Amino acid sequence: MGLGLEQCAQAGLPPEANTRRPMMTAAHLTVAHCGEVSALTLGLPASAAIPEQKGTLPKGLFVAKAPVSSKLKQRLVNDIASITMLALLRPANTAMGAGSGKMPEVLVIGLRVNTPGIPVEVIDLIAGQRKSGIVFVCVHEGESEGAVREECALAVRRNVPVRAGHVPITKVFSGEWRPSGEVTLELPEGNADGGAKTMDDLWDSLCAQAILDSADGANLDARIARRDQIVTLKAAEEKLSRDHQRAKNPAQRNEIYAKLHKIRTQLAQLEQ
Numbered sequence: 499m500g501l502g503l504e505q506c507a508q509a510g511l512p513p514e515a516n517t518r519r520p521m522m523t524a525a526h527l528t529v530a531h532c533g534e535v536s537a538l539t540l541g542l543p544a545s546a547a548i549p550e551q552k553g554t555l556p557k558g559l560f561v562a563k564a565p566v567s568s569k570l571k572q573r574l575v576n577d578i579a580s581i582t583m584l585a586l587l588r589p590a591n592t593a594m595g596a597g598s599g600k601m602p603e604v605l606v607i608g609l610r611v612n613t614p615g616i617p618v619e620v621i622d623l624i625a626g627q628r629k630s631g632i633v634f635v636c637v638h639e640g641e642s643e644g645a646v647r648e649e650c651a652l653a654v655r656r657n658v659p660v661r662a663g664h665v666p667i668t669k670v671f672s673g674e675w676r677p678s679g680e681v682t683l684e685l686p687e688g689n690a691d692g693g694a695k696t697m698d699d700l701w702d703s704l705c706a707q708a709i710l711d712s713a714d715g716a717n718l719d720a721r722i723a724r725r726d727q728i729v730t731l732k733a734a735e736e737k738l739s740r741d742h743q744r745a746k747n748p749a750q751r752n753e754i755y756a757k758l759h760k761i762r763t764q765l766a767q768l769e770q
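Using the working numbering, you'd call the opening residue of the sequence shown number 499 and step up by one each time.
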């Protein structure tokens with residue numbers, strides 16, 4: 499099910515418009531933006547930017563042909579202020595090779611949200627309607643030290659590794675909220691051996707930036723699993739530490755301490 503590729507025409511901006519951290523200039527007003535965020539403020543090539551007049555995606559586009567619960571429709575109406583296509587990344591405008599062919603393009607879509615949470619269900623709905631990858635740029639108004647500021651968080655829906663023969667599983671991952679002006683997306687450079695990067699590498703790199711705040715997309719699934727395991731172990735460590743402090747029986751304290759020692763050993767190994 500498509501999103502309307504006629505909306506993905508090139509912006510046709512001059513080369514000088516493609517700067518790493520530009521201010522909002524007249525050039526930026528000619529491209530699609532979500533709040534203060536556009537393809538150009540993200541540092542993406544100007545040739546990948548979507549023109550402002552073609553960037554808006556009607557919410558109804560995503561519920562017209564897909565079975566959607568009334569609860570999700572309400573979330574789409576109440577939690578999402580607007581949906582905007584910001585950029586379309588392809589081999590022609592990223593200098594990436596085609597690779598496996600499973601990732602012919604990557605869309606960058608801005609979600610103007612009315613709540614401070616990541617709209618996981620809406621992201622899952624939209625991403626499920628495209629075979630290619632989508633980087634979601636969630637934008638909302640947040641507060642910092644009593645002042646209102648625009649904040650941004652990146653999110654992606656990515657396949658989770660499963661055993662051979664099992665049904666594929668997808669999961670929505672997201673990063674932390676940060677000031678919009680600090681959020682960028684890097685395109686991976688060539689390999690150390692001189693080999694060109696591919697669209698598969700681009701997708702892994704963009705996912706790594708959204709999930710781990712790192713442009714290195716190598717061994718991403720293993721790194722995500724390691725990160726999640728560390729989070730789980732730290733939560734267990736905190737609980738056992740509290741239990742150890744409250745325990746009065748020496749035998750019980752020793753048992754808890756043994757578990758605590760085991761978890762701390764695992765953490766030390768994972769965090770090396």
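From the three backbone atoms N, C-alpha and C, an ideal C-beta is built for every residue, glycine too.
If you're wondering where the values come from, they're calculated on a predicted model, not measured in any experiment.
- Contact between the region 543-550 and the region 585-593 is established, with three or more Cβ pairs separated by less than 8 Å.
- Proximity to S536 across P565, R610 and S567 peaks at R610, based on C-alpha coordinates.
- Given a length threshold of 3 residues, each whole run of the beta strand (DSSP E) inside the region 557-619 is given here in chain order: 578-587 and 604-611.
- The Cβ atoms of V633 and V665 lie no closer than 8 Å to each other.
- With contacts defined as CB atoms closer than 8 Å, G533 and E684 fail to qualify as a contacting pair.
- In the DSSP annotation of this structure, the continuous segment of the beta strand (DSSP E) that includes L652 starts and ends at A645 to V658.
- Exclusion of the five residues before and after G553 leaves A530, T582 and M583 as the residues of its chain whose Cβ lies within less than 6 Å of its Cβ.
- Counting of Cβ neighbours within 10 angstroms places K629 among the exposed residues, the total staying below 16.
- Note that the C-beta distance between I709 and V654 is below 8 Å.
- The region 668-677 makes no contact with the region 732-742: fewer than 3 CB pairs, one atom from each, lie closer than 8 Å.
- Looking at the DSSP output, E680 shares a beta bridge with no other residue.
- M697 is positioned such that its CB atom lies closer than 8 Å to that of G597.
- CA-to-CA, the gap between T613 and H638 works out to about 7 Å.
- By the C-beta density criterion, Q727 is exposed, having fewer than 16 other C-beta atoms within 10 angstroms.
- The continuous alpha helix (DSSP H) containing H742 extends over residues L718 to R744.
- Here H759 is not bridged, per DSSP, to any residue.
- Per DSSP, the unbroken alpha helix (DSSP H) holding S703 starts and ends at M697 to L710.
- Counting other Cβ atoms within 10 Å of its Cβ, I667 stays below 16 and is therefore classed as exposed.
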